[in-house]
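Inspection log for the structure reproduced underneath, given as structure tokens.
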Amino acid sequence: DAGEYQVRLVATEKIRYEVNKQLVPFEYESVRYGQTFACTIEKTELSAQKQPKKSFVYGASLSDMANSLESTDFCDANVQGRFVPSAAQTDEALASVADINSAYLGVKDGGHVVYFDFIPDSDNYKPLEQIAVQINVSPRTLYVRIRDAYSLAGEAFVIPKYQIVSALVGSDTEADLGVSFEYEADKDVPSMSYRSYIAFSNPNYTPDCHSYESQFANYGRYFVYAKQVEVVADDGQIFYAFFGSGLMDVIVKASRVEVENKYGRPIYAAYKFEFSDGDGNDVTPEEAFSITWKNTPEIVEYFTVYGKDELLDISEKGMVLSKQYNVICFIEGNSMAKAFTPANIALATICGVLALTVVALCVAWKKQKRYLV
1359 DAGEYQVRLV
1369 ATEKIRYEVN
1379 KQLVPFEYES
1389 VRYGQTFACT
1399 IEKTELSAQK
1409 QPKKSFVYGA
1419 SLSDMANSLE
1429 STDFCDANVQ
1439 GRFVPSAAQT
1449 DEALASVADI
1459 NSAYLGVKDG
1469 GHVVYFDFIP
1479 DSDNYKPLEQ
1489 IAVQINVSPR
1499 TLYVRIRDAY
1509 SLAGEAFVIP
1519 KYQIVSALVG
1529 SDTEADLGVS
1539 FEYEADKDVP
1549 SMSYRSYIAF
1559 SNPNYTPDCH
1569 SYESQFANYG
1579 RYFVYAKQVE
1589 VVADDGQIFY
1599 AFFGSGLMDV
1609 IVKASRVEVE
1619 NKYGRPIYAA
1629 YKFEFSDGDG
1639 NDVTPEEAFS
1649 ITWKNTPEIV
1659 EYFTVYGKDE
1669 LLDISEKGMV
1679 LSKQYNVICF
1689 IEGNSMAKAF
1699 TPANIALATI
1709 CGVLALTVVA
1719 LCVAWKKQKR
1729 YLV
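Its first residue numbered 1359, the sequence shown is counted upward by one per residue in this note's numbering.
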């Protein structure tokens, strides 16, 4: 091991004699000692024989990078030890960092050059400072779920709702991502198969897009509806139908139908929606289509799609239907009960008294007229 030592040389001599007829050997040993002298074993100096190159995903701190380095990355000797970021750095990203160990390097063309010090575990090696390491950082992938969105033909694209599932790095926030949307769509051409994607202006992140509604779609689904069609049911109720490219020039019919009540409240009316072409063929879409309405009676407070259990508030004024589920039920609420408030009862009482008074006056007038005759 490296250190200061006192050393002397020792020589051992062995002499062999053959002194009898039987040739039996006789051996003699002697030891000679040299003078003591000082000896110094110096520590081995390591040298950077090659420049290490490392690749990381954004989010690795300088401490993480240091822990990934080995002595064989910069020289041929396999020496156990640890790396720490050097105090002196030239990269602009590290110029004003308070805690260099927890600093993050961003994505940069050409990468970064970061300096590390190597501290050997063995005292037989000298530490090596300012080892230049080429660091390349790639963007961190964020899992993003995009909601379905739609617009009418000719209208501007709407911005879909989305959710970023993956965690961001350090103190980064969603506002730092620079979110924008890209559409594989033509806003003037109806279709049910368009796609939407999220893009980030922040080079440190890249999105991995998926549909919120369809786990098999690695994009957001975007629908451009051909047009809005007014549909008047046979009882005068007005609806509006939205549909896609495969349903151009169709006739949409809304008919009142009788259905079994499974909802625990009175069904005001049930409407079945059917699509037909000019030849009378059923072209009701297999995929989803939307129905909205207006001017529903006050007694109607809820609606549902027949065949499903969920009751929705009538104020939502819209529902997605399909060929399998194409009947909407308007459900009565407590509107009649709400009508019997104290004020309404008092008003009804006053009206009743006035009506009785008018009747009494009419009777008296008729009697007076009879006596005069």
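Note that CB positions come from ideal geometry on N, CA and C, so glycine has one too.
Nearest residue (CA-CA) to residue i, options the options
i, options, result
"I1609", "Q1595, S1572, S1634 and V1615", "S1634"
"V1523", "R1503, V1590 and F1539", "R1503"
"E1735", "P1561, K1519 and F1515", "The structure shown has nothing for residue 1735, since the chain only spans 1359 to 1731."
"R1440", "N1459, A1446, F1476 and K1412", "F1476"
"E1499", "P1565, D1449 and Q1488", "A small fix is needed here, since residue 1499 is Thr in this sequence, not Glu. Closest option to T1499, Cα to Cα, is P1565."
"P1655", "Q1682, I1689 and Y1598", "I1689"
"V1547", "V1582, N1684, E1362 and A1627", "V1582"
"K1733", "A1533, R1505 and P1485", "Any question about residue 1733 goes unanswered here, given that the chain covers just 1359 to 1731."
"Y1621", "G1594, E1571 and E1668", "E1668"
"V1663", "Y1683, G1468, A1490 and T1650", "Y1683"
"S1405", "Y1483, S1413, D1449 and F1384", "Y1483"
"E1487", "K1466, A1507, P1443 and V1471", "P1443"
"V1472", "D1530, S1413 and F1395", "S1413"
"R1505", "H1470, A1575, F1474 and A1525", "A1575"
"E1571", "A1507, K1611 and K1411", "A1507"
"I1517", "Y1501, E1540 and A1533", "E1540"
"W1651", "G1676, S1421 and D1534", "G1676"
"K1630", "D1637, V1615 and G1636", "V1615"
Cβ separation of residue i and residue j, assumed to be a contact under 8 Å, to the nearest whole Å
i, j, result
"Y1577", "S1551", "11 Å between Cβ atoms; not a contact."
"T1478", "P1561", "The identity of residue 1478 in the sequence shown is Pro, whereas the question assumes Thr. Not confirmed; about 37 Å, so no contact."
"V1678", "S1648", "5 Å"
"C1397", "Y1375", "With a Cβ gap of about 37 Å, C1397 and Y1375 do not count as contacting."
"V1617", "A1599", "That belief does not hold up - the Cβ atoms of V1617 and A1599 are roughly 20 Å apart, past 8 Å."
"I1373", "Y1386", "4 Å"
"G1464", "A1445", "At roughly 22 Å, the Cβ-Cβ gap does not stay under 8 Å, so G1464 and A1445 are not in contact."
"R1366", "Q1393", "6 Å"
"E1659", "G1691", "3 Å"
Boundaries (first-last residue) of the beta strand (DSSP E) holding residue i
i, result
"A1628", "I1625 to S1634"
"L1679", "G1676 to L1679"
"L1500", "R1498 to I1504"
"L1526", "Per DSSP, L1526 belongs to no beta strand (DSSP E) and is neither H nor E."
"P1478", "H1470 to P1478"
"P1383", "P1383 to Y1391"
"Q1438", "Q1438 -> no beta strand (DSSP E), and no H or E assigned at all."
"T1564", "Y1563 to S1569"
"E1403", "Careful: E1403 lies outside any beta strand (DSSP E) and carries neither H nor E."
"S1549", "S1549 to F1558"
"I1689", "V1685 to E1690"
"R1801", "Here the chain has residues from 1359 to 1731 only, and residue 1801 is not among them."
"A1575", "Taken as a continuous stretch (DSSP letters only), A1575 belongs to no beta strand (DSSP E), as it is neither H nor E."
"S1648", "F1647 to K1652"
"A1396", "F1395 to I1399"
"T1662", "V1658 to V1663"
"E1588", "K1585 to V1590"
"F1414", "K1411 to V1415"
"F1539", "V1537 to E1542"
Cutoff 7 Å: residue i Cβ touching any chain B Cβ
i, result
"A1599", "The chain labelled as chain B is not found in the depicted structure, where only one protein chain is given."
Alpha-carbon to alpha-carbon, residue j and residue i
i, j, result
"G1528", "D1544", "39 Å"
"H1568", "E1632", "32 Å"
"Y1580", "G1665", "27 Å"
"V1495", "S1538", "23 Å"
"T1370", "R1390", "6 Å"
"F1661", "K1681", "18 Å"
"S1509", "S1549", "10 Å"
"G1594", "I1625", "17 Å"
"K1519", "Q1573", "16 Å"
"I1657", "R1623", "12 Å"
"E1403", "Q1521", "54 Å"
"G1536", "K1466", "17 Å"
"S1480", "F1474", "18 Å"
"T1531", "Y1416", "15 Å"
"A1490", "S1454", "19 Å"
"N1639", "A1584", "20 Å"
"G1468", "A1525", "27 Å"
"V1382", "F1395", "42 Å"
"Q1447", "V1368", "53 Å"
"T1419", "Q1407", "Rather than Thr, the amino acid found at residue 1419 in this sequence is Ser. S1419 and Q1407: Cα-Cα distance of roughly 25 Å."
"N1653", "N1619", "23 Å"
"I1493", "A1424", "11 Å"
"L1427", "D1449", "19 Å"
"A1612", "F1597", "8 Å"
"D1359", "F1384", "41 Å"
"Y1563", "Q1438", "35 Å"
Span of the alpha helix (DSSP H) around residue i
i, result
"A1453", "Note, A1453: premise wrong, no alpha helix (DSSP H); not H, not E."
"S1429", "Note, S1429: premise wrong, no alpha helix (DSSP H); not H, not E."
**Q.** Cβ contact (3+ pairs, closer than 8 Å) linking the region 1555 to 1568 and the region 1588 to 1595
**A.** no
(Q) Under 8 Å: do the region 1665 to 1674 and the region 1636 to 1644 share three or more Cβ pairs, one atom per stretch? (A) no
Q: Would you check if the region 1430 to 1437 and the region 1446 to 1460 touch, i.e. whether three or more CB-CB distances between them fall below 8 Å?
A: no
Q.
Tell me whether the region 1505 to 1521 and the region 1417 to 1432 touch, counting them as touching only if at least three CB pairs, one residue from each stretch, are closer than 8 Å.
A. no
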